[in-house]
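Undergrad: Below is the structure I would like to discuss, written out as structure tokens.
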Amino acid sequence: MLDASFPLDLERLQLSPHDIERRKAFVGLQPEDVARIRSIQDIFLPNADRYVAAFFDHLAGIAETAKLSGSHSVLEEAKCLEHEHLVAMMQGDYGKDYMEQRVRLGMLYSRAGLDVSVLLGGFHVLMRVLGMEVMKHFAEDPTKGFDVFMSLKKIGFLDIGLIVDVLIAERERVISVQQEAIRELSTPVLQVRDRLLVLPIIGVIDSMRAKQLTDDLLLAIRTNRARIVVMDVTGVAAVDSKVANHLIQTVAAARLMGATVIVTGLSAEVAQALVGLGVDLSSIRTLNDLQGGLEEAERQLGYKIVPIDDSTPAIEPA
Amino acid sequence: MPVPILKQGDVLIASIQSGLSDHDLMELRDNIAEKLGSFKSLGVIVDVSMLDVMDSFATRMLCTIAETTRLRGAETVIVGIQPEVAVAMVQLGLTLNGIPTALDLEEGLQFLKASIRGRG
């Protein structure tokens with residue numbers, strides 16, 4: 003399965019000092035913002051636990067976060083990291099360490115299966131709680147309070163941007179791992195008789211798989227000295243003109259190596275689709291099903307299947 | 005370097021050893037046509053198993069050889085096209101339509117033997 007503990011891929015997430023500066027520029031973070039945030043840290047730090055609790059209380063009320071709330075250890079780790087987050091946020095040092103903390107948090111959320119929309123909702127609750135605290139503190143000077151809040155918000159958006167990037171990067175990694183797994187389920191080329199190969203194709207054929215399939219088949223023709231190949235496409239649900247072209251090319255290449263290809267198992271839909279597309283398959287020998295294909299291949303190779311003797315029926319009556 | 009043409013019973017065997025110049029290929033074509041007459045051969049095998057590339061000119065020459073041979077009453081088989089070469093040829097649209105192919109020399113000989121026997 004997926005390796006959850008792979009090393010943080012900071013290269014891919016672009017956390018070089020330059021990129022960090024760019025990210026700060028994206029949200030318009032200025033030195034005076036940092037100064038404003040530092041000015042209120044003494045008021046906020048003692049209450050950090052309360053803010054974190056508000057964030058997780060909100061998440062707990064949402065069904066989509068069951069995986070996060072369900073696992074005690076994950077939840078504790080998340081609370082711990084989120085607390086660390088708030089503390090670091092107030093201290094106003096937004097360098098590489100800060101970014102890596104966010105990445106760790108993002109990885110945790112990704113592992114817990116948290117959706118971006120749910121996370122954004124939670125983040126908004128957190129920002130609202132912080133905002134209310136700020137306004138309470140600056141009740142006599144709301145303009146200043148608002149400035150402080152806007153500075154906090156810049157950091158908030160900086161964090162969100164990074165965490166969402168982590169979630170997306172993680173999702174992309176999962177997709178690429180799965181693609182690799184599908185590729186590894188490569189199409190086997192089976193020898194069923196001397197000089198006779200069977201190539202069952204199952205699933206979707208994209209150009210990458212089609213190429214690998216052709217290469218594998220041609221190599222197998224050479225190794226097994228095959229004269230006939232039965233290509234069974236029963237398991238292929240859809241064929242477009244690109245895939246049909248790949249099939250035609252594979253058949254032509256096999257012929258250049260002296261092997262005949264029989265295609266079997268074209269379903270009614272696929273056959274109709276091919277005719278509708280106007281793909282010319284007249285150069286390819288096609289038969290209804292795998293059995294028919296094998297029988298035809300055996301005939302061409304000069305085999306004949308006969309019962310062992312008359313008293314033994316080929317198939318036991320039920 | 006000219007391609008040697010060997011006589012084996014009713015069959016002529018031309019084994020192409022390495023990348024040939026266009027001139028060598030044309031010479032091969034002429035030599036095969038000539039030997040077909042002097043040996044009264046019934047089949048020609050062109051073995052290309054040593055080739056790792058096959059361009060359009062070579063393919064055209066093979067087609068010419070096959071057609072010339074047919075006109076002189078014999079049959080041509082191309083043998084030993086390698087997997088990578090086959091893929092490249094197909095992608096270039098060079099499918100040697102109508103010319104028999106076989107896996108290797110042995111298969112080619114077997115094919116011609118059956119074909120010649122069929123003619124009686």
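Chains as they are written, first to last, in the working numbering: chain L, 3 to 320; chain X, 5 to 124. No residue lacks a Cβ here, since even glycine has one placed at the ideal position from N, Cα and C. On a predicted model such as this, the values are computed, not experimentally measured, just so you know.
(1) Count Cβ pairs between the segment 189-203 of chain L and the segment 76-91 of chain X that sit closer than 8 Å; are there 3 or more?
(2) Name the residue from Val-136/L, Asp-59/L, Gly-30/L and Val-253/L whose alpha carbon lies nearest to the alpha carbon of Asp-282/L.
(3) Report the CB separation of Gly-295/L from Thr-266/L in whole angstroms; it is logged as a contact under 8 Å.
(4) Just to confirm the assignment: which complete alpha helix (DSSP H) runs, minimum length 4, are found wholly within the segment 66-99 of chain L?
(5) Any C-beta of chain X sitting closer than 8 Å to the C-beta of Asp-5/L?
(6) Can you name the residues of chain L whose CB is closer than 8 Å to the CB of Val-83/X?
(7) Cβ atoms of Leu-215/L and Pro-87/X: under 8 Å apart, would you say?
(8) Within the same chain, show all residues whose beta-carbon is closer than 8 Å to that of Lys-39/X, passing over the 5 residues directly before and after it, in chain order.
(9) Below 7 Å between beta carbons is the criterion; list the residues of the segment 97-122 of chain X that meet it against any residue of chain L, in chain order.
(10) So Arg-113/L contacts chain X; which residues on that side make the cut at Cβ distance below 9 Å?
(11) Label Asp-5/L either buried or exposed according to how many other C-beta atoms from any shown protein chain fall within 10 Å of its C-beta, with 16 as the threshold for buried.
(12) Which same chain residues, not among the five before or five after Arg-33/X, have their C-beta less than 8 Å away from its C-beta?
(13) With the cut-off set at 8 Å, would you say Leu-154/L and Ile-39/L are in Cβ contact?
(14) Does Pro-9/L come within less than 8 Å of chain X when only Cβ atoms are used?
(15) Our contact map puts Gly-108/L next to Ile-177/L with C-beta atoms below 8 Å; I'd like the distance itself, whole angstroms only.
(16) Helix, strand or coil: how does DSSP classify Asp-51/X here?
(17) Going by DSSP, what residue range makes up the alpha helix (DSSP H) through Met-137/L?
(18) Could you pull the DSSP bridge partners for Ser-19/X from this structure?
(19) Ala-90/X CB to nearest chain L CB: under 8 Å?
(20) Is Lys-44/X helix, strand or coil by DSSP?
(21) Counting only Cβ pairs nearer than 9 Å, list the residues of chain X close to Leu-221/L.
(22) Excluding sequence positions up to five away, which residues of its chain have a Cβ less than 8 Å from the Cβ of Thr-99/X?
(23) So, does the segment 61-81 of chain L touch the segment 18-35 of chain L, judging by three or more C-beta pairs under 8 Å?
(24) Considering only C-alpha positions, which residue in the set Arg-123/X, Gln-114/X and Val-57/X is nearest to Ile-128/X?
TA: According to the structure shown:
(1) Fewer than three beta-carbon pairs drawn from the segment 189-203 of chain L and the segment 76-91 of chain X are found closer than 8 Å, and the two stretches are therefore not classed as touching.
(2) Residue mapping note: residue 282/L aligns to position 280 of the first sequence, counting from 1. Asp-282/L has its Cα closest to that of Val-253/L, out of Val-136/L, Asp-59/L, Gly-30/L and Val-253/L.
(3) Residue 295/L sits at position 293 when you count from the first residue of the first sequence. Residue 266/L sits at position 264 when you count from the first residue of the first sequence. The Cβ separation is near 4 Å, so the contact holds.
(4) 68-72 and 74-93
(5) In the first sequence, residue 5/L corresponds to position 3, counting from 1. The predicted model places Asp-5/L with a pLDDT of 45, which falls under 50 and marks its position as unreliable; any figure quoted below should be read in that light. No - not a single Cβ of chain X is within 8 Å of the one on Asp-5/L.
(6) If you number the second sequence from 1, residue 83/X lands on position 79. Simply Gly-260.
(7) Numbered from 1 along the second sequence, position 83 holds the residue referred to as residue 87/X. Numbered from 1 along the first sequence, position 213 holds the residue referred to as residue 215/L. The answer is no: Cβ separation not under 8 Å.
(8) Here the question's residue 39/X lines up with position 35 in the second sequence. So the list reads Ile-9, Lys-11, Leu-16 and Ser-45, once near-sequence residues are dropped.
(9) Thr-99, Leu-100, Thr-105, Ala-106, Leu-107 and Glu-111
(10) Against the first sequence, residue 113/L aligns to sequence position 111. Ordered by position in chain X, no residue passes the 9 Å Cβ test against Arg-113/L, which lies about 43 Å from the chain.
(11) For the purposes of this step, residue 5/L is taken as the residue at position 3 of the first sequence. With a pLDDT of only 45 at Asp-5/L, under the threshold of 50, the placement of this residue in the model should not be trusted, and no figure is reported.
(12) Taking the first residue of the second sequence as position 1, residue 33/X is located at position 29. Only Met-65, Thr-68, Ile-69 and Thr-72 meet the Cβ criterion.
(13) For the purposes of this step, residue 154/L is taken as the residue at position 152 of the first sequence. For the purposes of this step, residue 39/L is taken as the residue at position 37 of the first sequence. Annotated as proximal: Leu-154/L and Ile-39/L, with beta-carbon spacing under 8 Å.
(14) The residue labelled residue 9/L in the question sits at position 7 within the first sequence. At Pro-9/L the pLDDT is 48, less than 50, meaning the model places this residue with poor confidence; the figure from the coordinates comes in the next sentence. Chain X contact via Cβ: absent.
(15) Here residue 108/L is taken as the residue at index 106 of the first sequence, counted from 1. Here residue 177/L is taken as the residue at index 175 of the first sequence, counted from 1. Between Gly-108/L and Ile-177/L the beta-carbon gap is near 17 Å, outside 8 Å, which marks them as no contact.
(16) Position 47 of the second sequence, counting from 1, holds the residue named residue 51/X. If DSSP states are grouped into helix, strand and coil, Asp-51/X belongs with the strands.
(17) The sequence position of residue 137/L within the first sequence is 135, counting from 1. First-last of the alpha helix (DSSP H) with Met-137/L: 118-139.
(18) Position 15 of the second sequence, counted from the first residue, corresponds to residue 19/X. Ser-19/X pairs with Asp-51/X.
(19) Counting from one through the second sequence, the residue named residue 90/X turns up at place 86. Interface residue, yes.
(20) Here residue 44/X refers to the residue found at position 40 of the second sequence. In the three-state DSSP reduction, Lys-44/X falls in the coil class, being neither helix nor strand.
(21) On the first sequence, residue 221/L is found 219 positions in, with the first residue counted as 1. Here the neighbours are Pro-87.
(22) Position 95 of the second sequence, counting from 1, holds the residue named residue 99/X. Same-chain partners within the cutoff: Met-93.
(23) no
(24) Nothing about residue 128/X can be read from this structure; chain X reaches only from 5 to 124.
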